[in-house]
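Protein chains in written order, with the working numbering: chain D, 1 to 379; chain H, 380 to 758. Glycine included, each C-beta is placed from N, C-alpha and C at the ideal position. Small disclaimer: the values here were computed from a predicted structure and weren't measured.
There are 2 protein chains.
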Amino acid sequence: MGNERKEVLENRIKKLQLDLAAQNFEAVLISSVAHIAYLTGYGNFSKEERDAYLFITQKEAFILTHSIYTEVIKSQVKHLTLVEISRREPVRKILVNLLKKSLSPRKVGRNTRLGIEEDHLTVAEYRALQKEFRNIDNFDMSLSRIVKNNLEIENIRKACHLGDEAFLHVIKKIKPGIAELELVFELENYIRKSRADISFKTIVAFGKNSAYPHHQAGLTKFENTPGQIILMDFGVKLNSYCSDMTRTVFFGKPSTKQEKLYETVLEAQKKAVDFINSKIKSGKAIKCAEVDKIARGFITQKGYPSIPHSLGHGIGLEVHEHPTLSPKSKDYLQEGMVFSIEPGIYIPNFGGVRIEDLFVYESNGLIQTTKSSKNLTVI
Amino acid sequence: MGNERKEVLENRIKKLQLDLAAQNFEAVLISSVAHIAYLTGYGNFSKEERDAYLFITQKEAFILTHSIYTEVIKSQVKHLTLVEISRREPVRKILVNLLKKSLSPRKVGRNTRLGIEEDHLTVAEYRALQKEFRNIDNFDMSLSRIVKNNLEIENIRKACHLGDEAFLHVIKKIKPGIAELELVFELENYIRKSRADISFKTIVAFGKNSAYPHHQAGLTKFENTPGQIILMDFGVKLNSYCSDMTRTVFFGKPSTKQEKLYETVLEAQKKAVDFINSKIKSGKAIKCAEVDKIARGFITQKGYPSIPHSLGHGIGLEVHEHPTLSPKSKDYLQEGMVFSIEPGIYIPNFGGVRIEDLFVYESNGLIQTTKSSKNLTVI
Chain D
1 MGNERKEVLE NRIKKLQLDL AAQNFEAVLI SSVAHIAYLT GYGNFSKEER
51 DAYLFITQKE AFILTHSIYT EVIKSQVKHL TLVEISRREP VRKILVNLLK
101 KSLSPRKVGR NTRLGIEEDH LTVAEYRALQ KEFRNIDNFD MSLSRIVKNN
151 LEIENIRKAC HLGDEAFLHV IKKIKPGIAE LELVFELENY IRKSRADISF
201 KTIVAFGKNS AYPHHQAGLT KFENTPGQII LMDFGVKLNS YCSDMTRTVF
251 FGKPSTKQEK LYETVLEAQK KAVDFINSKI KSGKAIKCAE VDKIARGFIT
301 QKGYPSIPHS LGHGIGLEVH EHPTLSPKSK DYLQEGMVFS IEPGIYIPNF
351 GGVRIEDLFV YESNGLIQTT KSSKNLTVI
Chain H
380 MGNERKEVLE NRIKKLQLDL AAQNFEAVLI SSVAHIAYLT GYGNFSKEER
430 DAYLFITQKE AFILTHSIYT EVIKSQVKHL TLVEISRREP VRKILVNLLK
480 KSLSPRKVGR NTRLGIEEDH LTVAEYRALQ KEFRNIDNFD MSLSRIVKNN
530 LEIENIRKAC HLGDEAFLHV IKKIKPGIAE LELVFELENY IRKSRADISF
580 KTIVAFGKNS AYPHHQAGLT KFENTPGQII LMDFGVKLNS YCSDMTRTVF
630 FGKPSTKQEK LYETVLEAQK KAVDFINSKI KSGKAIKCAE VDKIARGFIT
680 QKGYPSIPHS LGHGIGLEVH EHPTLSPKSK DYLQEGMVFS IEPGIYIPNF
730 GGVRIEDLFV YESNGLIQTT KSSKNLTVI
């Protein structure tokens, strides 16, 4: 297992080095924490401070980090060469020296083509690099993680499973008088007690608050009136991999209008799933934008407002990755992708319903990894 | 109180606009979440995604954010003009239009001098701005929050108080068999239950692990052997303001060597505090680098290794701010500053001791806001 993991990681580096050569980059400086996790298997660097970089030349692979990480990186990341960084020597100087050692020195100069991740590097870091490199360009890795291997899928499955458990736990806690933030605490606490983390800020919306798709949970208390909507959108992060799910439940018998809303959203999700499955069976290419259109069209055709967000998104080391299931997406679905399908209808001053599950594209069709019931639930 | 708060916030914007004029910037684009919180009073934007910018011209102040924040910003941030951003119109175009409306149009062109925060803007955002602005420079706000007002100090005090309570709670939980991560959970859970958040990743280090100043808590279990060291470094975030404290305690009677370590660290902190107080009394300027030297020198003079980190740091909306108490710091202490003093001694394969408290510089001397006992504690 250890060897298999090492081989997977080494192959990712090799693949990246082939991409570098193909795109005429001498080297790339990787700074996004998710890409570092993908290439090293180590996912505990901070997202708020710059703890580490990877520096991948066409021939070698280095991990640059502070001395406080030396021990853990030595023991957990053996397929990259560790280089300690400190305030004594600027990173740009270290990079030049590594390049000279890694490639033939005459190939290294101010015109050396260096890749950066322009969405994950600050202007200050960029300006420092410009002192040594004239030829800096964006190196796009955003599609590299789009297809997941079995181990990645297994990790996402486990995160989903814990999400299902957390949901079962939290619905027992919904009762009049409880505040949105208290339910958030219950959900997140359940996840953390299980030695996992949350993958994004939990959304809990009561009543009319559910009409805002990204409502920020607050002090709104749960009222003792029937037909109240409770929308919960949350995720688990386990072994660095994320889950994401949304359920909308009702307190007391929902009104006909609410019931209709719920059924329409559920049916929209089903339409999207059926569409993908039929395409898989017939072996045809599946454009993400078309999937989005199926669910979106069904909702608007029923007279409801269009979904004010994408129908879905890929998930993995980050909670939002490619593929993107949206009207303007250029992505196509492929075997091994994992993504959410999450239609929603939101009616101002009334409330909203969203249902979100994760799906794995397997050779015979979609497998839903979120297992919580989607029957209209009255608590 | 509401009016007083509004006045404080408005004055911060006015002060910033004077700085813009003095430094010949037509406008500045603020992107750091802490600076946005400082200038708006709203501290709930994500640090992982770009939820908002402030755009402050010499004459006006705008907050640019997504529609999901519209409601909360309308109700909580009344002294800035709200501008919604979406994918339809690039931010750079919005900025140009706002500038033209805000300043006389003939003043706005490709040579308009635009300030950015180069540590808080990505290369991709910068390159987009360059399509409209040729004259982009760093606008340094890092010193603007260095002196705190009474309300800020009160918030830090409250965060410290909750930290003290969390510490009292957690020392009761230390017993043989418990893992570092379980104590982390106990600490963080206590804080979150109290409707606060943690201000950084909690450090809990058992035994020899305490020799790493930034040890990452793991599965190491607490052993049933006397003289074991437990080092805990953690912080609370309450009303957007941070606390930070470290305590080192012993399980069973410490060895003479351990006791000596503890006393030296405690004395080093006291020396630094006494030094500052004597300077305050005599009305002399206090160079942060000199304060660092007092504590550091005391420790090395006793034959121990030098402190492998700064002696201390300012704290407020962020857990690390100016002033910096380090050998190379250029900061001076002033009334209204709040900072940590945290000497430590770390001996590989043996263990480490660090003691950290927050202090407020008041007119008559330092006031310690962390109240937990520093007597050598045996549990």
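Distance from the CA of S425/H to the CA of T635/H, rounded to the nearest whole angstrom, comes to 48 Å. In this structure, the CA atom of F222/D is about 25 Å from the CA atom of E342/D. Using a 10 angstroms sphere on the CB of Q637/H, the tally of other CB atoms reaches 16 or more, which defines it as buried. With 16 or more other CB atoms across the displayed protein chains lying within 10 angstroms of its CB, D244/D is buried. The beta-carbon of V407/H is placed no less than 8 Å from the nearest beta-carbon of chain D. Around P605/H, the same chain offers F630, G631 and K632 as residues with beta carbons nearer than 8 Å, after the five sequence neighbours per side are excluded. Closer than 8 Å to the CB of T501/H there is at least one CB belonging to chain D. Below the 8 Å Cβ cutoff, chain D contributes I68 as neighbours of H593/H, in chain order.
Residues of chain D with a Cβ closer than 9 Å to the Cβ of K587/H do not exist, since the nearest Cβ in that chain sits about 11 Å away. For F564/H, the nearest CB of chain D lies under 8 Å from its own CB, placing it at the interface with that chain.
T248/D sits buried, since 16 or more C-beta atoms from the chains shown fall within 10 Å of its C-beta. Our two residues, F298/D and A268/D, have alpha carbons roughly 6 Å apart in a direct line. Around the beta-carbon of E318/D, 16 or more other beta-carbon atoms lie within 10 Å, marking it buried.
Annotation: the continuous alpha helix (DSSP H) that includes I550/H extends over N529 to I550.
Within the region 495-525 of chain H, the residues whose Cβ lies closer than 9 Å to some Cβ of chain D are I495, E496, E497, D498, H499, L500, T501, V502, A503, E504, Y505, R506, I515 and N517, listed in chain order. Given a length threshold of 3 residues, each whole run of the beta strand (DSSP E) inside the region 645-729 of chain H is given here in chain order: 691-693, 700-704, 717-720 and 723-726.
For V451/H, the neighbours in chain D by C-beta distance under 7 Å run, in chain order, Q216. For K750/H, no alpha helix (DSSP H) segment is defined, and its DSSP state is neither H nor E. Between the alpha carbons of G723/H and R513/H lies a gap of roughly 48 Å. Chain D has a Cβ within less than 8 Å of the Cβ of K426/H. Between Y190/D and A166/D, the C-beta gap is smaller than 8 Å, which places the two residues in contact. For a Cβ distance threshold of 8 Å, residue set F564, E567 and N568 of chain H lies close to R192/D, ordered along the chain. When the Cα atoms are used, S32/D and L183/D turn out to be separated by approximately 32 Å. By the CB criterion at 8 Å, I726/H and A590/H fall inside the cutoff. When the five nearest sequence neighbours on each side are left out, the beta carbons in the same chain lying within less than 7 Å of the beta carbon of T599/H are those of A558, E559, F585 and N588, in order along the chain.
DSSP places F251/D in the uninterrupted beta strand (DSSP E) bounded by M245 to F251. Bridge partners of T444/H according to DSSP: A431/H and E463/H.
Residue contact check for N44/D against chain H: a CB pair falls below 8 Å. Assignment of K600/H by DSSP, reduced to helix, strand and coil, places it in the strand class. For L610/H, the uninterrupted beta strand (DSSP E) run begins and ends at Q607 to F613, by DSSP.
When H66/D, N155/D and L80/D are compared, the shortest CA-CA separation from S240/D is found for N155/D.
Assigned with DSSP and collapsed to three states, D140/D falls in coil, not helix or strand. Contact check for T436/H against A406/H passes: the beta carbons are separated by less than 8 Å. DSSP places G352/D in the strand class (E or B) of the three-state scheme.
F185/D sits in a helix when the DSSP states are folded into three classes.
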